[in-house]
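Counted from 1, the sequence shown has number 42 at position 42 by full-length UniProt numbering; the numbering is strictly sequential.
Glycine is no exception: its CB is placed at the ideal position from the N, C-alpha and C atoms.
Source: prediction; values computed, not measured.
First the structure, in the form of structure tokens, and then the observations on it.
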Amino acid sequence: MPELPQPVQTVSAPHPQAQVTQELHPQQQATAPYPQQYGQRTQPQYGQYAQHYGYAPYGQHPQQHTAPVPPRAPYPQQGAQQPPAPQGAAFGNPYATASAGSPGEPGEPGTPSGRRERKPRGWVPVVSAAAIAAILASGGTALAVNAMNDGTRTASIEQIGDPGRVDTAPVKDSTVTNPDWEAVTAAVAQSVVSIQTSSQQGTSLGSGLILDTDGHVLTNNHVVSGAQDNKVQVTLSDGRIFDADIVGTDPTTDLAVVKLENPPSGLRPVALGDSDTLTVGAPVLAVGNPLGLANTATTGIISALDRPVSAQGENTQEPVTTNAIQIDAAINPGNSGGPLFNAQGQVIGITSSIASLSSGGLTGSGQSGSIGLGFAIPVNLAKNVSSQLIANGSAEHAFIGVSMQDGTATADGVTRRGGQVMNVVAGSPAAAAGLQTGDVIVAIGDQPVNGASALTGFVREHQAGQKVTLTVVRDGKAIQVDVTLAVRDESSQQQEPQQPQQPQAPNQGDQPNQGSGDGSTQGGGLWDWLFGGN
């Protein structure tokens with residue numbers, strides 16, 4: 001059995017297993033169009049880094065698929081108009097937040113199979129899973145940087161924000177059992193863009209997707225974070241370059257929207273699908289700008305659903321926590337912010353991070369790139385957030401009002417994992433519903449909760465005002481508690497009970513512990529590995 005990814009504590013004691021490199025964005029320099037080494041950065045983007053393992057953003061890499069792309073290139077050549085990829089190595093060695101000598105703990109398992117809405121609520125034994133080291137692949141900031149439908153799609157802000165919105169499939173004759181990737185790639189090519197961001201750390205590249213004919217483009221927050229003058233450059237599939245303003249960012253979900261200045265006519269928006277109907281094993285196509293190689297398409301399958309991925313986000317003290325779509329399609333630095341398509345050309349996710357193994361041996365600081373463990377933000381979450389960013393420049397998120405850590409609970413003779421309540425915020429939805437310290441939340445609706453990070457991800461998929469049913473284990477018995485979610489604001493964090501300083505101290509709000517030192521996929525530990533910041 002191969003060794004599992006584990007966090008590295010210091011530069012002097014590296015591990016040969018998967019390690020979190022910085023963002024997957026190679027920094028651009030004028031002397032060379034492509035990075036010479038994608039394992040090291042000449043200048044760390046987020047402070048000083050030591051070797052570590054975790055999730056990192058994909059800024060310069062398109063979503064990858066295991067199935068080869070047809071040899072005939074479906075995308076127009078951009079030639080000199082395509083921004084060159086940065087020369088500096090995209091991968092750095094972020095420092096680890098794990099305590100000295102602490103081994104990696106099992107990560108939270110994702111959905112093994114089946115549609116998301118059909119997950120059983122029944123008890124299951126505790127399942128161990130390898131702690132996943134992911135690398136955010138952003139464009140170049142602190143994050144490790146049938147026939148085509150000829151009708152132009154338009155969409156209002158309200159339509160984009162509707163989680164139930166499902167656009168007409170661009171390629172109807174392509175199916176799950178018999179995908180026509182050549183047709184799909186040709187149909188979606190004009191809807192995918194490359195993004196170049198200049199910051200104090202250098203120049204980086206990422207990916208994005210066109211949302212509407214007004215020129216709104218969705219990408220990852222870590223792709224555009226730190227942009228000088230709040231502007232980026234967007235390159236269309238045909239090589240035309242446009243300046244774009246950052247309309248809004250949401251560090252909590254690692255999403256951002258930019259808008260082209262003087263957008264041209266004929267922009268082709270993507271067709272948005274439904275991430276709630278996905279199944280494990282379904283074919284997928286990733287398109288993006290890995291390592292500055294624009295219009296790169298890769299194929300693969302959905303490996304798991306609801307995989308909890310947490311990392312310290314950009315410009316926020318909260319960890320970015322998402323119940324991600326896990327894929328085996330090849331994605332690399334530069335893919336961050338790019339679309340993940342289903343077999344009919346509908347967007348089902350936004351690629352944002354990968355797990356990677358060190359390519360430099362025991363002491364090497366390089367990264368091996370894609371190893372078939374990639375992660376994408378579900379499109380239904382992206383619909384909600386992007387519509388708010390376009391309308392308001394920011395996004396609101398639902399919350400329960402508890403601080404948590406991973407825990408286990410036994411009821412009816414069966415033990416399972418969940419999120420253990422450490423504190424309840426006075427006046428919060430949790431307090432109104434009667435949640436208590438020591439409760440272990442093991443399900444939200446029909447979705448099993450495998451830990452604190454998983455619960456956080458599920459809550460963020462909902463909107464304020466919605467009622468959810470939590471399955472809670474209290475005093476050895478499973479009970480159901482109805483909670484009406486509320487909007488989280490800054491004052492809610494100040495209401496959190498203060499805890500003594502200790503390795504297992506719970507974080508504020510609906511967040512799991514940060515820096516617990518156990519190498520698990522929860523809290524700030526992974527995100528710190530991914531982003532490498534303090």
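Kindly list the residues whose CB is nearer than 8 Å to the CB of residue i, restricted to its own chain and excluding five residues on each side of it in sequence; keep chain order.
i       : result
Gly-208 : Val-192, Val-193, Ser-194, Ile-195, Val-217, Leu-218, Thr-219, Val-223, Val-234, Val-258, Gly-337, Gly-338
Gly-393 : Val-247, Gly-248
Asn-230 : Asp-245, Ile-246
Determine, using beta carbons only, whether residue i and residue j come nearer to each other than 9 Å.
i       : j       : result
Pro-283 : Ala-343 : yes
Ser-237 : Ala-189 : yes
Gly-349 : Ala-382 : yes
Thr-321 : Arg-460 : yes
Ile-325 : Pro-290 : no
Thr-197 : Gly-239 : no
Ile-400 : Ser-428 : yes
Leu-455 : Gly-419 : yes
Val-166 : Ser-174 : no
Val-421 : Val-440 : yes
Val-424 : Gln-405 : no
Skipping 5 residues on each side, what residues in its chain have a beta carbon closer than 7 Å to that of residue i?
i           : result
residue 554 : Not covered by the structure: residue 554. The range shown for the chain is 1 to 534.
Thr-351     : Tyr-58, Gln-63, Ala-286, Gly-288, Ile-331, Asn-335, Ser-336, Gly-338, Leu-340, Gly-374, Ala-376
Gly-457     : Pro-308, Thr-321, Thr-322, Asn-323
residue 615 : Only positions 1 to 534 of the chain appear in the structure, and residue 615 is not among them; the question remains open.
Gln-228     : Ser-198, Ser-199
Asp-180     : Asn-146, Val-171, Asp-173, Ser-174
Taking buried to mean at least 16 other C-beta atoms within 10 Å of its own C-beta, is residue i buried or exposed?
i       : result
Thr-168 : exposed
Ser-356 : buried
Val-145 : In this predicted model, Val-145 has a pLDDT of only 28, less than 50, meaning its place in the structure is not dependable; the value taken from the coordinates is given anyway. Counting Cβ neighbours within 10 Å, Val-145 comes out buried, since at least 16 surround it.
Val-487 : exposed
Leu-24  : Annotation note: pLDDT 42 at Leu-24 (below 50); position unreliable, coordinate value reported separately. Buried, because 16 or more other Cβ atoms sit within 10 Å of the Cβ of Leu-24.
Ile-479 : exposed
Thr-177 : exposed
Glu-261 : exposed
Ala-80  : Below a pLDDT of 50, predicted positions are generally treated as unreliable, and Ala-80, at 38, falls in that range; the measurement from the model is reported next regardless. That one is exposed.
Asn-450 : buried
Ser-453 : buried
Val-472 : buried
Val-385 : buried
Ser-370 : buried
Asp-446 : exposed
Gly-438 : exposed
Ala-329 : buried
Gly-273 : buried
Ala-395 : buried
Gly-206 : buried
Pro-264 : exposed
Gly-292 : buried
Which two residues bound the contiguous alpha helix (DSSP H) that contains residue i?
i       : result
Thr-185 : 181 to 188
Val-270 : Where Val-270 is concerned, there is no enclosing alpha helix (DSSP H), given that its DSSP letter is neither H nor E.
Val-223 : 221 to 224
Where do the N-terminal and C-terminal ends of the beta strand (DSSP E) with residue i fall, by residue?
i       : result
Val-284 : 283 to 288
Val-258 : 255 to 260
Leu-209 : 202 to 210
Lys-231 : 231 to 235
Ser-199 : 192 to 199
Ile-354 : 346 to 354
Gly-239 : Element bounds for Gly-239: n/a, residue is neither H nor E.
Leu-340 : 339 to 341
Could you name the residues of the same chain whose beta carbon sits closer than 6 Å to that of residue i, not counting the 5 residues immediately before and after it, in chain order?
i           : result
Ala-187     : Met-148, Pro-170, Val-171, Gly-345
Ala-464     : Ala-398, Leu-485, Ala-486, Val-487
Pro-103     : In this prediction, Pro-103 has a pLDDT of 36, which is less than 50 and means its spatial position is unreliable; what the coordinates show is noted afterwards. So no residue of the chain qualifies.
Gly-281     : Ile-301
Gly-372     : Asp-328
Ala-433     : Val-481, Val-483
Arg-417     : Val-126, Thr-408, Asn-450, Gly-451
residue 618 : Here the chain covers residues 1 to 534 and nothing more, so residue 618 does not appear.
Ala-256     : Thr-219, Asn-221, Val-224, Thr-249
Just checking: is the beta-carbon of residue i within a distance shorter than 9 Å of some beta-carbon in chain B?
i       : result
Ser-275 : Included in the structure is just one protein chain, with no chain B present.
Unbroken stretches of the beta strand (DSSP E), 3 residues or longer, contained in the UniProt domain "PDZ" (378 to 476): Entirely contained in the UniProt domain "PDZ" (378 to 476), the beta strand (DSSP E) runs reaching 3 residues are, in chain order, 402 to 411, 414 to 424, 440 to 444, 467 to 474.
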